[in-house]
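Chemist: One structure, as structure tokens, below. Some questions next.
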Amino acid sequence: MVFETSKANAILTILQGCNNLTRLQKIQAHVIVNGLQNHPAISNSILNFCAVSISGSLPYAHHLFKHIQNPQTQAWNSIIRGFAQSPSPFQAIFYYNRMLFDSVSGPDTFTFSFTLKACERIKALKKCEEVHGSIIRTGYERDVVVCTGLVRCYGGNGCAEIARMVFDNMPEKDLVAWNAMISCYSQAGYHQEALRIYDNMTNENVGVDGFTLVGLLSSCSHVGALNMGVKLHRIASEKGLLRNVFVGNALIDMYAKCGNLDGALEVFNGMPRDMFSWNSMIVGFGVHGFGDEAIYFFNQMLEAGVRPNSIAFLGLLCGCSHQGLVEEGVGFFHQMSSKFNVKPGIKHFGCIVDMYGRAGKLEKALEIIGDSPWQDDPVLWRILLSSSKIHKNVVIGEIAMRNLSQLGAVNAGDCVLLATIYAGDNDEQGVARMRKLIKNQGIKTTPGWSWIEVSDQVHRFVVDDKSHPDSGMIYQKLEEVTHKATMAGYVKDKSQFIFHGSCSEECLESSSTYHSEKLAIAFGLAKTPEGTSLRIVKNLRVCRDCHEFTKFVSQAFNRDIIVRDRLRFHHFKGGLCSCRDYW
DNA sequence: CTAGGGTTAG
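In structure tokens form, the structure reads like this:
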């Protein structure tokens with residue numbers, strides 16, 4: 001077929017400036033009048049606009065595509081890309097399959113990129129592996145962009161190790177590829193690995209941008225790596241990235257999660273803000289138990305014209321609950337639906353149950369669960385059990401456990417909580433029953449660990465850890481620390497296994513010796529200058545013995561020790577803890 | 001002459 005080149009070129013130019021569908025349809029009429037509807041570049045351009053542009057129309061693109069005879073690779077790419085970024089990415093896979101099996105046009109790097117995006121979004125690991133195979137067969141496995149897509153796709157499907165293998169095999173890596181690897185680790189929870197990638201990166205001289213910093217800062221938040229975070233803050237400042245909201249928000253979160261709310265506030269005050277910025281501040285105050293501040297920031301957010309979403313309320317309610325602001329919390333809870341049109345989710349109900357429970361109103365907490373749509377979920381019952389522990393209430397504790405049991409959801413932590421309640425009631429048989437339950441039912445325990453950051457390195461410890469290179473020194477130091485703490489008044493909880501108030505799942509892992517945070521504390525004391533604060537992050541809740549230990553250590557060594565456990569922050573200072581021994 | 005990487009909660 002012969003086309004009139006000058007007319008075709010004119011139409012292509014007009015198409016490039018097209019920004020809405022009505023206009024496109026007028027151009028299309030023009031195309032038909034001139035007999036150019038089968039001109040490849042023109043039909044591709046129209047198709048691409050419809051499939052990809054925000055003002056396009058995917059259903060219309062779908063319609064157009066059906067009428068193309070023998071679509072070329074570019075046309076397939078447009079339709080695959082359109083569906084990959086649409087609410088139904090599986091359609092992209094459908095077109096990819098058709099392209100491979102029914103079409104003479106072969107896939108290229110673009111095809112693979114878009115298809116991988118779709119696999120990532122719908123979590124299609126099998127398809128990802130299959131596409132990976134095709135990439136190797138067609139010889140595209142050396143392409144940086146395609147490999148970056150593979151890294152993300154494997155990472156998003158929970159295969160960080162395979163993502164890393166693809167990454168390591170890339171013949172050349174640019175900044176985007178490095179950033180993808182960092183965010184893959186960070187989102188998969190491999191925070192130490194994410195931070196380690198940064199060291200490799202600096203050796204390779206690829207530079208750093210906002211994306212790099214955001215991924216790294218997110219990992220710093222999770223492991224409480226304040227020193228590293230501060231270093232990244234400095235880099236952001238040098239590179240003029242402090243006005244980048246993504247970077248700013250990641251910094252706010254990092255400071256808040258590392259227990260430095262002043263730092264968070266300082267960043268917050270010096271940047272353009274969006275909903276994330278407000279939420280990070282509110283959540284930050286909330287998890288530290290500063291309800292008044294969370295409420296203040298919530299109101300400021302409203303004044304700034306930002307509509308609160310469910311996360312803002314989560315932070316707000318968490319703060320109210322930990323500070324004991326029951327009336328305020330319940331008020332906000334009702335306003336969620338009545339005033340802000342935010343539907344309370346299970347987590348919000350959890351805050352309310354916790355709020356009443358913590359305040360000692362256990363019957364009211366029980367009533368809330370009964371009125372909630374989540375009686376069949378273990379989460380709320382578990383919170384009730386935890387409240388029963390704080391108030392040593394055997395009756396409600398047993399009700400909570402019975403419900404957990406009926407749901408088949410009893411875990412080791414639950415048994416420990418109830419055993420602790422029994423122990424406080426001097427019910428040795430009750431404790432023995434819980435111990436037996438765990439043993440006979442083979443209930444799984446979560447392995448406990450603690451992180452501590454010393455200079456730029458994050459060190460991780462488990463119970464009775466001997467794997468650290470400085471292990472010998474650490475145990476020696478621990479003896480000294482225990483001795484000094486004892487001189488200050490610490491009495492070791494000698495009972496084996498959750499008697500007389502020990503209450504962490506970590507107590508199940510070992511009948512004696514040292515929980516992970518004691519090792520982290522000893523290491524921190526040995527490796528940091530006198531007077532500096534120690535920051536520890538652990539994945540389980542602190543047990544009574546370690547809590548007492550840390551209080552006396554903070555006094556004996558005159559150190560602030562900030563422990564972030566699974567649920568909240570404990571600021572130890574001068575022999576006292578900010579949780580006032582309620583947790 | 002169409003690609004790839006970003007923050008809160010969980």
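Residues in the first sequence are numbered consecutively from 1, following full-length UniProt numbering.
Here a beta-carbon is modelled for each residue, glycine too, at the ideal position from N, C-alpha and C.
Measuring alpha carbon to alpha carbon, tell me which residue in 58, 309, 575, 313 is nearest residue 91.
Modeler: Stepping through the first sequence from its first residue, residue 91 is reached at position 91. Nearest to residue 91 by alpha-carbon distance, out of 58, 309, 575, 313, is 58.
Chemist: Just checking my contact of residue 118 with residue 93 at CB under 8 Å: how many whole Å lie between their CB atoms?
Modeler: Taking the first sequence and counting its residues from 1, the one referred to as residue 118 is at position 118. Taking the first sequence and counting its residues from 1, the one referred to as residue 93 is at position 93. At roughly 6 Å, the Cβ-Cβ gap stays under 8 Å, so residue 118 and residue 93 are in contact.
Chemist: Name the residue from 413, 549, 379 whose alpha carbon lies nearest to the alpha carbon of residue 570.
Modeler: For the purposes of this step, residue 570 is taken as residue 570 along the first sequence, with counting starting at 1. Closest by alpha carbon: 549.
Chemist: Between the segment 440 to 454 and the segment 209 to 216, do at least 3 Cβ pairs fall closer than 8 Å?
Modeler: no
Chemist: Going by DSSP, name the residue or residues bridged to residue 459.
Modeler: Indexing the first sequence from 1 puts residue 459 at position 459. 452.
Chemist: Does DSSP put residue 496 in a helix, in a strand, or in coil?
Modeler: Counting from 1 along the first sequence, the entry for residue 496 is found at position 496. Confidence at residue 496 is low in this model, with a pLDDT of 43, below 50, so its placement is unreliable and the value that follows should be read with caution. In the structure shown, residue 496 sits in coil (DSSP, three-state: anything other than H, G, I, E or B).
Chemist: Residues in the same chain with beta-carbon distance under 6 Å from residue 476, minus the five sequence neighbours each way, listed in chain order, please.
Modeler: Position 476 of the first sequence, counted from the first residue, corresponds to residue 476. Counting only Cβ-Cβ distances below 6 Å, and skipping sequence neighbours, we find nothing.
Chemist: Taking Cβ positions, are residue 333 and residue 346 nearer each other than 7 Å?
Modeler: Counting from one through the first sequence, the residue named residue 333 turns up at place 333. Counting from one through the first sequence, the residue named residue 346 turns up at place 346. Taking 7 Å as the Cβ cut-off, residue 333 and residue 346 do not qualify as a contacting pair.
Chemist: According to DSSP, which residues form a beta bridge with residue 617?
Modeler: Any answer about residue 617 is impossible in this case: the structure gives the chain only from 1 up to 583.
Chemist: Please check the pair residue 519 and residue 465, which I expect to be a contact at CB under 8 Å, by giving their CB distance rounded to whole angstroms.
Modeler: Counting from one through the first sequence, the residue named residue 519 turns up at place 519. Counting from one through the first sequence, the residue named residue 465 turns up at place 465. Yes, they are in contact, since the Cβ atoms of residue 519 and residue 465 sit about 6 Å apart, within 8 Å.
Chemist: Just to check my reading of the structure: residue 107 and residue 100 have Cβ atoms closer than 8 Å, yes? What is that Cβ distance to the nearest angstrom?
Modeler: The residue given as residue 107 occupies position 107 in the first sequence. The residue given as residue 100 occupies position 100 in the first sequence. Taking a contact as a CB-CB distance under 8 Å, the pair residue 107 and residue 100 counts as one, their CB atoms being some 7 Å apart.
Chemist: Which residue comes first and which comes last in the alpha helix (DSSP H) that contains residue 131?
Modeler: Position 131 of the first sequence, counting from 1, holds the residue named residue 131. Segment 125 to 137, the alpha helix (DSSP H) holding residue 131.
Chemist: Confirm, please, whether the CB-CB distance from residue 321 to residue 354 is below 7 Å.
Modeler: Taking the first sequence and counting its residues from 1, the one referred to as residue 354 is at position 354. Taking the first sequence and counting its residues from 1, the one referred to as residue 321 is at position 321. It is a contact, given that the beta carbons lie within the stated cut-off.
Chemist: For residue 312, I'd like the list of residues in its chain whose CB is within less than 6 Å of its CB, leaving aside the five on either flank, ordered along the chain.
Modeler: In the first sequence, counting from the first residue as 1, residue 312 sits at position 312. Here the set comprises 279, 282.
Chemist: DSSP state of residue 537, grouped into three classes?
Modeler: By 1-based counting over the first sequence, the position of residue 537 is 537. Residue state, collapsed to three classes: strand.
Chemist: Enumerate in chain order the residues of its own chain whose CB-to-CB distance from residue 448 is below 8 Å, with the five nearest sequence positions on each side excluded.
Modeler: Against the first sequence, residue 448 aligns to sequence position 448. Closer than 8 Å at Cβ, skipping near neighbours: 462, 463, 504, 505, 506, 509, 515, 516, 538, 539, 540.
Chemist: Hey, is the segment 185 to 205 in contact with the segment 151 to 161, meaning 3+ C-beta pairs nearer than 8 Å?
Modeler: yes
Chemist: How long is the line joining the alpha carbons of residue 46 and residue 24, rounded to whole angstroms?
Modeler: By one-based count along the first sequence, residue 46 stands at place 46. By one-based count along the first sequence, residue 24 stands at place 24. Looking at the two C-alpha atoms, the distance is approximately 8 Å.
Chemist: Can you tell me which of the three DSSP states residue 577 falls into?
Modeler: The residue you call residue 577 lines up with position 577 of the first sequence. The answer is strand: DSSP assigns residue 577 an E or B state.
Chemist: Spatial neighbours of residue 274 within its chain, please: CB distance less than 8 Å, with the 5 preceding and 5 following residues excluded, ordered by chain position.
Modeler: Locating residue 274 in the first sequence gives position 274, counting from the first residue. Here the set comprises 245, 249, 306.
Chemist: Kindly identify the DSSP beta-bridge partner or partners of residue 570.
Modeler: Mapped onto the first sequence, residue 570 falls at position 570. Bridge partners of residue 570: 563.
Chemist: Could you tell me whether the Cβ atoms of residue 48 and residue 86 are closer together than 7 Å?
Modeler: Here residue 48 corresponds to residue number 48 of the first sequence, with the count starting at 1. Here residue 86 corresponds to residue number 86 of the first sequence, with the count starting at 1. Not closer than 7 Å, so no.
Chemist: Thinking just about the alpha-carbon of each residue, which of 10, 182, 350, 89 is nearest to the one in residue 201?
Modeler: What you label residue 201 is simply residue 201 of the first sequence in a count that begins at 1. It is 182.
Chemist: What's the C-alpha gap between residue 9 and residue 62?
Modeler: To locate residue 9, count along the first sequence from 1; it is residue 9. To locate residue 62, count along the first sequence from 1; it is residue 62. About 25 Å.
Chemist: Using the beta-carbon count (16 or more within 10 Å), is residue 563 buried or exposed?
Modeler: Here residue 563 corresponds to residue number 563 of the first sequence, with the count starting at 1. So residue 563 counts as buried.
Chemist: To test your reading of the DSSP string, which unbroken beta strand (DSSP E) runs of 3 or more residues are found completely within the UniProt repeat "PPR" (174 to 208)?
Modeler: none
Chemist: Could you tell me which of 339, 359, 370 sits nearest to residue 349, measuring between CA atoms?
Modeler: The residue you call residue 349 lines up with position 349 of the first sequence. Here the closest residue by C-alpha is 370.
Chemist: Whose C-alpha, out of 150, 459, 111, is nearest the C-alpha of residue 128?
Modeler: Your numbering for residue 128 matches position 128 in the first sequence. The closest CA to that of residue 128, considering only 150, 459, 111, is found on 150.
Chemist: Applying the 10 Å Cβ sphere with the 16-neighbour rule, what's the burial state of residue 142?
Modeler: Reading the first sequence from its first residue, position 142 is the one you call residue 142. With fewer than 16 other Cβ atoms within 10 Å, it is exposed.
Chemist: Here's the rule: buried if 16 or more other CB atoms are within 10 angstroms of the residue's CB, otherwise exposed. What is residue 15?
Modeler: By one-based count along the first sequence, residue 15 stands at place 15. Flag for residue 15 reads buried.
Chemist: How is residue 7 classed by DSSP in three states: helix, strand or coil?
Modeler: For the purposes of this step, residue 7 is taken as residue 7 along the first sequence, with counting starting at 1. Looking at residue 7 - three-state DSSP - the assignment turns out to be helix.
Chemist: Could you say if the segment 428 to 446 and the segment 482 to 491 meet the contact criterion of at least three C-beta pairs nearer than 8 Å?
Modeler: Under the three-pair Cβ rule at 8 Å, the segment 428 to 446 does not count as touching the segment 482 to 491.
Chemist: For residue 56, collect the residues of the same chain with a Cβ closer than 7 Å to its Cβ; drop the 5 residues on either side in sequence, then sort them by chain order.
Modeler: Within the first sequence, the letter at position 56 stands for residue 56. Once the five neighbours on either side are set aside, the close Cβ partners of residue 56 are 21, 49, 50.
Chemist: On a CA-only basis, which of 258, 211, 204, 206 is nearest residue 230? Give me that one, please.
Modeler: Within the first sequence, numbered from 1, the residue matching residue 230 stands at position 230. Closest option to residue 230, Cα to Cα, is 258.
Chemist: Comparing C-alpha positions only, which one of 19, 324, 356, 544 sits nearest to residue 420?
Modeler: Taking the first residue of the first sequence as 1, we reach residue 420 at position 420. Considering only alpha carbons, the answer is 544.
Chemist: Going by C-alpha to C-alpha distance, which of 241, 53, 174, 131 sits closest to residue 153?
Modeler: For the purposes of this step, residue 153 is identified with residue 153 of the first sequence, where counting begins at 1. Checking every option, the nearest Cα to that of residue 153 belongs to 131.
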